[in-house]
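Encoded as structure tokens, the structure appears first; notes follow it.
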Ligand code: SAH
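Below, the structure written as structure tokens:
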């Protein structure tokens, strides 16, 4: 092994933690690898609503540990404790676990406990919500993009504002996560006002609620109206096009640049 390379010691007697990205919600959008990890772990830890969704694929003898929304630290600590007892643990996390999910927090806590490299851990990718939201309206991403979460629970609003400003100056396709919650009602309008300083009010935008789930809803609108719809909640992703983005029928399309080089 060279410096900077890593190897896990699997012969420790510890169980393995498998961090599983469970995708945007629709059961068809769970990968076979994720499904296998969920089915084969002795212990399954996740957000209570999600565990209810996958109840039909869980076995009686699996230990199910549902947690409430804000208990992420407790979820990781429980996963670590169970794995140290020798149990195989599945830590389920929506979308991809490495995108605003449980992967980083688990590794941060393991690092504080000097367990990185000692406790076996594996990460299974999941379909991120923004991919499912993009598919609901065709091809709105197609070029360089930024995902910005409007939640200021863990990131100061000043930093979020700076990222919005720079993304709008850079002509990125801009994806907004966590646009609104019961407590945070004004951030989306404040974000819109900021984006309007650099982006035309008629720029196409898509609002996708519950992408891939039975209650999916889609609105294609313009930047000026991204805060005008009731479907906007914590289950909604907003995609704002770049300067090449156009709308045709029910599709939002961002150009990759082919028509600058070829005759289409
Ligand atoms: N790890 C997730 C993101 C978690 S942050 C991922 O890889 O995508 C939570 C935010 O994701 C929500 O506030 C919402 O903006 C978005 N989101 C999650 N599921 C969604 C869905 N099915 N449809 C639309 N947006 C969703």
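In my numbering, the protein residues as written are 1 to 264.
For each residue, glycine too, the CB sits at the ideal point set by N, CA and C.
Treat the numbers as computed from the prediction; the structure is a model and nothing was measured.
Best match in the options for proximity to residue i [C-alpha to C-alpha]
| i | options | result |
| --- | --- | --- |
| residue 228 | 261, 248, 199 and 192 | 192 |
| residue 144 | 59, 38, 240 and 121 | 240 |
| residue 182 | 208, 27 and 153 | 153 |
| residue 31 | 127, 48 and 250 | 127 |
| residue 218 | 225, 226 and 208 | 208 |
| residue 204 | 216, 197, 214 and 220 | 220 |
| residue 112 | 259, 140 and 80 | 80 |
| residue 41 | 52, 91 and 71 | 91 |
| residue 122 | 38, 258 and 27 | 38 |
| residue 87 | 164, 63, 74 and 196 | 63 |
| residue 19 | 27, 25, 26 and 33 | 33 |
| residue 104 | 82, 78, 133 and 73 | 73 |
| residue 125 | 16, 23, 232 and 262 | 23 |
| residue 258 | 142, 159, 66 and 49 | 142 |
Whether residue i touches residue j by CB criterion (9 angstroms)
| i | j | result |
| --- | --- | --- |
| residue 98 | residue 170 | no |
| residue 54 | residue 89 | no |
| residue 93 | residue 84 | no |
| residue 161 | residue 188 | no |
| residue 135 | residue 211 | yes |
| residue 130 | residue 245 | no |
| residue 199 | residue 176 | no |
| residue 250 | residue 138 | yes |
| residue 185 | residue 234 | no |
| residue 149 | residue 100 | yes |
| residue 254 | residue 140 | yes |
| residue 242 | residue 172 | yes |
| residue 82 | residue 66 | no |
For residue i, the three-state DSSP class (helix, strand or coil)
| i | result |
| --- | --- |
| residue 248 | strand |
| residue 20 | strand |
| residue 224 | helix |
| residue 209 | strand |
| residue 314 | With the chain covering 1 to 264 only, the question about residue 314 has no answer from this structure. |
| residue 95 | strand |
| residue 238 | strand |
| residue 199 | coil |
| residue 216 | coil |
| residue 109 | helix |
Any non-hydrogen atom of the ligand NAP closer than 8 angstroms to residue i Cβ
| i | result |
| --- | --- |
| residue 176 | Looking at this structure, you won't find the ligand NAP anywhere; what it does contain is the ligand SAH. |
Below-9 angstroms beta-carbon distance, residue i vs any chain B residue
| i | result |
| --- | --- |
| residue 111 | No chain B is part of this structure, which consists of one protein chain only. |
Enumerated in chain order, which unbroken segments of the beta strand (DSSP E) with a length of 3 residues or greater are wholly contained in the stretch 27-90? Counting whole runs of 3 or more residues, the stretch 27-90 contains the beta strand (DSSP E) stretches 43-47 and 63-67.
In the stretch 119-187, which residue ranges form an unbroken alpha helix (DSSP H) of at least 4 residues, counting only runs that do not cross its ends? List check, alpha helix (DSSP H) in window: 129-136 and 157-169.
Take every Cβ of the stretch 12-20, pair it with every Cβ of the stretch 113-124, and state whether three or more of those distances are shorter than 8 angstroms. Flag = yes, the stretch 12-20 and the stretch 113-124 touch.
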